[in-house]
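Protein chains in written order, with my numbering: chain E, -6 to 419; chain V, -6 to 419.
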């Protein structure tokens, strides 16, 4: 069937309803026309985000499982983040190999362990995204691909994609039962809740301006996904959210111990019409990759934020829970159960885990054997977040034979997931 | 005050919420990357529409006057469009000079006068936009600039601009009373109403697909304003709206007299997944300028639509009411009163008219004298829609001295309006 007309309308709808990203550099034009440079900088030349013309069907059993699973996984992440010794012990080998995780651990120790084993502020929360594959044979129903505990993106786009799919299915006269998707407003509500909690701790102080800080990368292309949350924060809650990069934070922020470790921001140069404000919530949409810390002062900024009384989304502890090593350890006997005493909940969680192996010691030897015997069945993943660096097939085999035991410590081996296939129009 | 930060957020908001236009050709990049050509064609490289950072204040008296005035003006336009002889008589000189108005009059005569002085279908309606200036001295409160009776644009953008201004005023902590703006959904409701009326006339027929047709220009940059209405038609009313250019219509449409003059569309090649449909409403977003009729078949298409049983938004009669000549005649004694018997309503309307003069006969001689004596106080406007062709100051004076009496018939002279000034950030 020729659906070019539908595709055209879907693209127009997507662009018209904020399913957009800043155009990549190669799409842009330099132009002398007055004002163009400015327009360009504000990210107003955009392309639509990739999308499928129609939603992919998911059966009700799977949908129900994912719905039941998510709050339990959120609690699991939270409980682990509170077990400081577990984090330190589990990551003790990784921090020696992976410098990035090592730096995070240093901040964690100075902020938490150095502070009598408790955070400066008890205000922390996660906006996590758990990625799954629907498996080929529906056994189990879902396999977890990864746990994103920091800077999880596409919340705004998820809500907008549902609107788009409502539109396209109606347009094509397809009878589809689309679940509600209020994610965007719920994300804003979560941040607003933390903001209000912070404001409550400032009782008696006369703060003139209190704002949320979104920590962002320079030249972020996904700005519309991020700003969707800021806009909703303003529209639904009247709370302002200020974008700042880690180097701006290093320049403009100070933590005043005598003011209860409040995060003071000199914002005169930001064009916001306000000279100074206090940061209520620090919402990270950057800081998850070594590229986000090109200079030492970025690390200093990260530490400063962690040492402040602002609510963190997430704390460094949360971020550490997202390492591959923690995911691998969770697969070991008794670990999930340590954090989720309910056998029912532990079972719910365990069912979605793919089999994983540490690459150190005895486990590493066993894993290497398994993987070399059947390179097709496994994937070698670096501990760190970010994706794109996984090794498959011959490349994996070559790496396993080449790397030293210490080098291998920075990786985990994972059973390869066979996802179910679905015909889509992209 | 430095508001660069606010401006940046406002631009992001605008782009994210559909206040966009297709980027002009000069902003686009040719690129080999697969799929780019297609993306380009679907208008997904966009720039934000121009906007003011904050809304311009209008006092309540003016707002109330505009609110009272609009329905009366709509009725006036409608009443004039129904007085066929008045249209023919009033435009008799213009059609000799202005070829475009002449062609419209031919269609009007063949469709209406040739049909026993009544339209093939009684279904017609207007989506008009009345443009005013707030006057410098508020006497009168408003001066009408023009009456747009066809293809009035920016209904979608108007609703979106109100959302934007709600956002920016909240962001800047400005206490502003913004009126509700439901224009977008109201436009869709108007078209849906006409669609339903049309469907009611087809009782007993087994039409498999009935759709609204939006008549559009090739390479329209304002597609997001137009598609906002189509999307709302689908989302709120489940009615599909198909974009067609006049040359597509000339190729794909036929009017079947034996089927009650129904407009049949062969849509197999449009990629809509439907082979054929019947046009319920013809909504013109093109056809207002000679450029929209580059070939004779475009005129044939326009005539075909007028001769069909589809509801027209607007009919040719409505379009003729929008000529400058009609506006000028309305300024003469007794003309408004002929169509609006209520003295109160006639007065309401008259107050917003700028003084106008026909350029033919005695009136033309008087007008020329007035204008040459004070070129600063008048503007010479061509009869036709479109703007941008008005003559001011010395240019006007030169034209008045150069043109023949016949040439001048294509123009009217209008008192120049002194608008109130307002500081804005654009």
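The beta carbon of each residue, even a glycine, is placed where N, CA and C say it ideally should be.
Give the interface partners of residue i over in chain V, defined as CB-CB distance under 9 angstroms, in chain order.
{"i": "residue -1(E)", "result": "264, 265, 266"}
Helix, strand or coil: which one does DSSP assign to residue i?
{"i": "residue 234(E)", "result": "strand"}
{"i": "residue -3(E)", "result": "helix"}
{"i": "residue 247(E)", "result": "strand"}
{"i": "residue 41(V)", "result": "strand"}
{"i": "residue 404(V)", "result": "strand"}
{"i": "residue 170(V)", "result": "coil"}
{"i": "residue 22(V)", "result": "Low confidence applies here, because residue 22(V) scores a pLDDT of 44, under 50, leaving its location unreliable and the question unanswered by this model."}
{"i": "residue 312(E)", "result": "helix"}
{"i": "residue 187(V)", "result": "helix"}
{"i": "residue 271(E)", "result": "strand"}
{"i": "residue 412(E)", "result": "strand"}
{"i": "residue 58(E)", "result": "helix"}
{"i": "residue 6(V)", "result": "helix"}
{"i": "residue 34(V)", "result": "With a pLDDT of 37 at residue 34(V), under the threshold of 50, the modelled position of this residue cannot be trusted; read the value that follows with caution. Helix, per DSSP."}
{"i": "residue 283(E)", "result": "helix"}
For the beta strand (DSSP E) holding residue i, just list the boundary residues, first then last.
{"i": "residue 371(E)", "result": "371 to 375"}
{"i": "residue 15(V)", "result": "13 to 15"}
{"i": "residue 305(V)", "result": "304 to 306"}
{"i": "residue 141(V)", "result": "135 to 141"}
For residue i, return the contacting residues in chain E, with the cut-off set at a CB-CB distance below 7 angstroms.
{"i": "residue 227(V)", "result": "160, 163, 164"}
{"i": "residue 221(V)", "result": "9"}
{"i": "residue 269(V)", "result": "Those within 7 angstroms of residue 269(V) in chain E number zero; the least Cβ separation is about 14 angstroms."}
Leaving out five residues on either side along the sequence, give the residues of the same chain with a beta carbon under 7 angstroms from the beta carbon of residue i.
{"i": "residue 79(E)", "result": "73"}
{"i": "residue 267(V)", "result": "202, 260"}
{"i": "residue 156(E)", "result": "10"}
{"i": "residue 290(V)", "result": "240, 243"}
{"i": "residue 345(V)", "result": "62, 125, 133, 135, 136, 137"}
{"i": "residue 360(V)", "result": "350, 352, 406"}
{"i": "residue 221(V)", "result": "11, 149, 177"}
{"i": "residue 121(V)", "result": "67, 70, 140, 141, 142, 145"}
{"i": "residue 343(V)", "result": "329"}
{"i": "residue 164(E)", "result": "-1, 2"}
{"i": "residue 169(V)", "result": "48, 162"}
{"i": "residue 97(V)", "result": "309, 312, 313"}
Cutting at 8 angstroms between CB atoms, please list the residues of its own chain near residue i, excluding the five before and the five after it.
{"i": "residue 190(E)", "result": "116, 304"}
{"i": "residue 229(E)", "result": "178, 181, 182, 185"}
{"i": "residue 4(E)", "result": "41"}
{"i": "residue 269(V)", "result": "201, 202, 257, 258, 259, 260, 261"}
{"i": "residue 238(E)", "result": "208, 209, 210, 211, 279"}
{"i": "residue 389(V)", "result": "364, 368, 371, 372, 373"}
{"i": "residue 387(V)", "result": "368"}
Which bits of chain E does residue i rub up against, with CB to CB less than 8 angstroms?
{"i": "residue 231(V)", "result": "163"}
{"i": "residue 192(V)", "result": "In chain order: nothing, as chain E lies at least about 17 angstroms away."}
Whose Cβ in chain E lies nearer than 9 angstroms to the Cβ of residue i?
{"i": "residue 217(V)", "result": "5, 8, 9"}
{"i": "residue 258(V)", "result": "Chain E residues near residue 258(V): none, gap ~13 angstroms exceeds 9 angstroms."}
{"i": "residue 127(V)", "result": "Within 9 angstroms Cβ-Cβ: nothing; residue 127(V) doesn't reach chain E, min ~27 angstroms."}
Ordered along the chain, which non-local residues of its own chain (more than five positions away) have a Cβ less than 6 angstroms from that of residue i?
{"i": "residue 418(E)", "result": "46"}
{"i": "residue 279(E)", "result": "208, 209, 210, 285"}
{"i": "residue 153(V)", "result": "10, 11, 12"}
{"i": "residue 114(E)", "result": "302"}
Start and end of the alpha helix (DSSP H) containing residue i?
{"i": "residue 87(V)", "result": "87 to 90"}
{"i": "residue 256(E)", "result": "It is not in any alpha helix (DSSP H) - residue 256(E) instead sits in the beta strand (DSSP E) that spans 255 to 259."}
{"i": "residue 148(E)", "result": "148 to 164"}
{"i": "residue 393(E)", "result": "386 to 395"}
{"i": "residue 289(V)", "result": "289 to 299"}
Using a C-beta to C-beta distance shorter than 8 angstroms, which residues of chain V count as neighbours of residue i?
{"i": "residue 38(E)", "result": "16, 20, 38, 39, 40"}
Whose Cβ in chain V lies nearer than 7 angstroms to the Cβ of residue i?
{"i": "residue -4(E)", "result": "264, 266"}
Any chance the CB of residue i is under 7 angstroms from a heavy atom of the ligand NAP?
{"i": "residue 61(E)", "result": "With respect to small molecules bound, the structure shown includes none, and the ligand NAP cannot be examined in it."}
Ordered list of beta strand (DSSP E) runs contained in the region 314 to 356 of chain E, each at least 3 residues | Runs of the beta strand (DSSP E) inside the region 314 to 356 of chain E: 349 to 351.
Report the residue ranges of all alpha helix (DSSP H) runs contained in full by the region 64 to 129 of chain E; include only those spanning at least 4 residues, in chain order.
-> The qualifying runs are 77 to 83, 87 to 90, 92 to 104.
Which parts of the region 186 to 230 of chain V are runs of the beta strand (DSSP E), unbroken and 3 residues or longer, counting only runs that do not cross its ends?
-> Listed in chain order, the beta strand (DSSP E) runs fully inside the region 186 to 230 of chain V are 203 to 208, counting runs of at least 3 residues.
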